[in-house]
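Trainee: Numbering (the working numbering), first residue to last: 1 to 167.
1. So for residue 90, helix, strand or coil by DSSP?
2. Out of curiosity, what's the CA-to-CA distance linking residue 10 and residue 144?
3. Helix, strand or coil for residue 68 per DSSP?
4. Would you give the residue range spanned by the beta strand (DSSP E) that residue 106 belongs to?
5. Classify residue 55 as buried or exposed, calling it buried when 16 or more other Cβ atoms lie within 10 Å of its own Cβ.
6. Does the segment 115 to 124 come within contact of the segment 46 to 61, defined as at least 3 CB pairs closer than 8 Å?
7. May I ask which residues mark the beginning and end of the alpha helix (DSSP H) holding residue 133?
8. Under the DSSP definition of a beta bridge, which residues are partnered with residue 55?
9. Can you give the Cα-Cα distance for residue 44 and residue 123, rounded to whole angstroms?
10. Near residue 100, what residues of its chain come up, given a Cβ to Cβ distance below 6 Å and the 5 sequence neighbours on each side ignored?
11. With C-beta atoms as the reference, is residue 104 less than 9 Å away from residue 84?
12. Of the residues 110, 4 and 17, which one's Cα is nearest the Cα of residue 157?
13. Would you give the residue range spanned by the beta strand (DSSP E) that residue 179 belongs to?
14. Could you give the first and the last residue of the continuous beta strand (DSSP E) run that contains residue 32?
15. Tell me whether the beta-carbon of residue 23 lies closer than 9 Å to the beta-carbon of residue 106.
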């Protein structure tokens, strides 16, 4: 069984500023600091934030029903402002999923002002038929919405303070 869930968030910063966070390892730092109840620790296993980078995410006990998993960046497209990561070890794969991919996109918002963008988070997954009944209970966009909110708060605070101070 294949499934997908997605959510969008409007952010009051230019897409280029949002991508500086989403397109780098800085997103992991923002998440770790802003959401300690969601992510306990993130270890850089290999890479520099580009394609092939592997992170291991550790969760607080009972936070998402998982203890940890490793994810690998499979797409980091600076032009299209798209980053994809797939679980490559543990976590969802141990629960019967054959594929679990997270995609973040930063979309320039049309209009007069270029000081707004849209961030989109998408989860794509494939699960074995015998585990399909559990997929609806396990797959949730809510943690990614929390990540987008934390990133938006960080971006708006830091972009607005930098733009008003002339930096």
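Ideal Cβ positions, reconstructed from N, Cα and C, are used throughout, including at glycine.
Mentor: Taking the definition as stated:
1. Position 90 of the chain shown, counted from the start, is the residue given in the question as residue 90. Strand, per DSSP.
2. Position 10 of the chain shown, counted from the first residue, corresponds to residue 10. Position 144 of the chain shown, counted from the first residue, corresponds to residue 144. Rounded to whole angstroms, residue 10 to residue 144 spans 14 Å at the Cα level.
3. In the chain shown, the residue the question calls residue 68 occupies position 68. If DSSP states are grouped into helix, strand and coil, residue 68 belongs with the strands.
4. Looking up residue 106 in the chain shown gives position 106. Taken as a continuous stretch (DSSP letters only), the beta strand (DSSP E) holding residue 106 covers 97 to 108.
5. Working through the chain shown from its first residue, we reach residue 55 at position 55. That one is buried.
6. no
7. As a position in the chain shown, residue 133 is number 133, starting the count at 1. Start and end: 132 to 138.
8. Here the question's residue 55 lines up with position 55 in the chain shown. For residue 55, which the question treats as bridged, DSSP gives the partners 44 and 71.
9. Residue 44 sits at position 44 when you count from the first residue of the chain shown. Residue 123 sits at position 123 when you count from the first residue of the chain shown. Computed Cα separation, rounded: 22 Å.
10. Position 100 of the chain shown, counted from the start, is the residue given in the question as residue 100. Result list for residue 100: 87, 92 and 125, in chain order.
11. Locating residue 104 in the chain shown gives position 104, where the first residue counts as 1. Locating residue 84 in the chain shown gives position 84, where the first residue counts as 1. Yes, these two residues count as a Cβ contact at 9 Å.
12. Along the chain shown, one-based indexing puts residue 157 at 157. It is 17 whose Cα lies nearest to the Cα of residue 157.
13. There is simply no residue 179 to check, as the chain begins at 1 and stops at 167 in what is shown.
14. For this step, residue 32 is matched to residue 32 along the chain shown. Segment 26 to 34 is the alpha helix (DSSP H) holding residue 32; no beta strand (DSSP E) there.
15. For the purposes of this step, residue 23 is taken as residue 23 along the chain shown, with counting starting at 1. For the purposes of this step, residue 106 is taken as residue 106 along the chain shown, with counting starting at 1. Result yes, Cβ atoms of residue 23 and residue 106 sit closer than 9 Å.
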